[in-house]
Structures are given as C-alpha cells and as structure tokens.
Amino acid sequence: MPFKKKHTLLIVFCTVYSFMYLQAKAQNASSKPYLGATLAILDSLPVALKKTYQPISKNGVTIQKVFEDSPAKKAGLEVHDIIQKLNDSTIINPRQFVDLLWTYKAGEQINLTLYRNGKKMVKPVKLMAKPDTELR
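Written as structure tokens, this is what we have:
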C-alpha cells in the first residue's frame, strides 16, 4: 500500500475515533445530573454562622456558591444553606452527596432538606443534564 493511502487511512481513523470519543464524552456528561452548586463541609462555614447552626446538626454540607441558570438557583438555594438530606438520605459530606446525586438522572426531581438562618425547609429541585464546557 502506498504511503499516501496509509496516511489517508490513518487520518480517517483518527478523525472517526476523535468523533466517537467526543460523542461518548458528551453522552456521559449529559447522563449525570447537575445541581449547579459548590458544596463544602460544615467546618467551612464562617464562625458567626457556625454558632447559629451548631445546635441544629453536625451532619450536612454547606453551599459555597450557586451558579446562574442552574437547578440550585431555580430552586432558590442560597450560599450558606446547610443541606442535611437528599430525599430520605442523611448527608454527611460533599463526596457522599455527589455519590447520592449521581444515582438520579437529569430531569428527575429531588427534595433537599436544608436549614437557612436556623429555619428548616424542604426545597424541590429538578435536576438537569450536567453541562460539558469542553464541548461548547
């Protein structure tokens, strides 16, 4: 086989492989649910808030950032909210929260039990597909 044909076949193969890789990556990214908030352990709360929330619980995660146009923003979640439950599961740390979150699919609704300013509330959140910024 002449060099040009081998070279052309290699380019075609690489192009097809790259397309398949990007397509698989996009499918994988879109299959994971997205909340749109940065979470942290409760110890990361400012001292003044720790005193306010200390008697409530030692379990949960706190919201550090809520992204625009995200399910968290649409549900009314705010910075320093303390999430204690995702549906019926008690939240212990951010990793466990994410593991639980990923058992759901985009489009499903979850209920987050949280505390804000010492008041307990339940916020329904409709999850969306996780955006993949590399493919935009």
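No gaps in the numbering here: position 58 of the sequence shown is 46 in my numbering, and each next residue is one more.
Where a beta carbon is used, it is the ideal one built from N, C-alpha and C, also for glycine.
The segment 82 to 91 makes no contact with the segment 60 to 68: fewer than 3 CB pairs, one atom from each, lie closer than 8 Å. The C-alpha of Y103 is placed about 9 Å away from the C-alpha of T50. At the C-beta level, I71 and I80 stay beyond 8 Å of one another.
Looking at L115, K53, Q52, the one whose alpha-carbon comes closest to that of L74 is L115.
In terms of Cβ geometry, P82 and A28 form a close pair [threshold 8 Å]. A60 has its alpha-carbon roughly 10 Å from the corresponding atom of K53. Inclusion of A94 and F55 in the CB contact set at 8 Å is not warranted, their separation being larger than that value. Straight-line measurement puts the Cα of K46 at about 14 Å from the Cα of T101.
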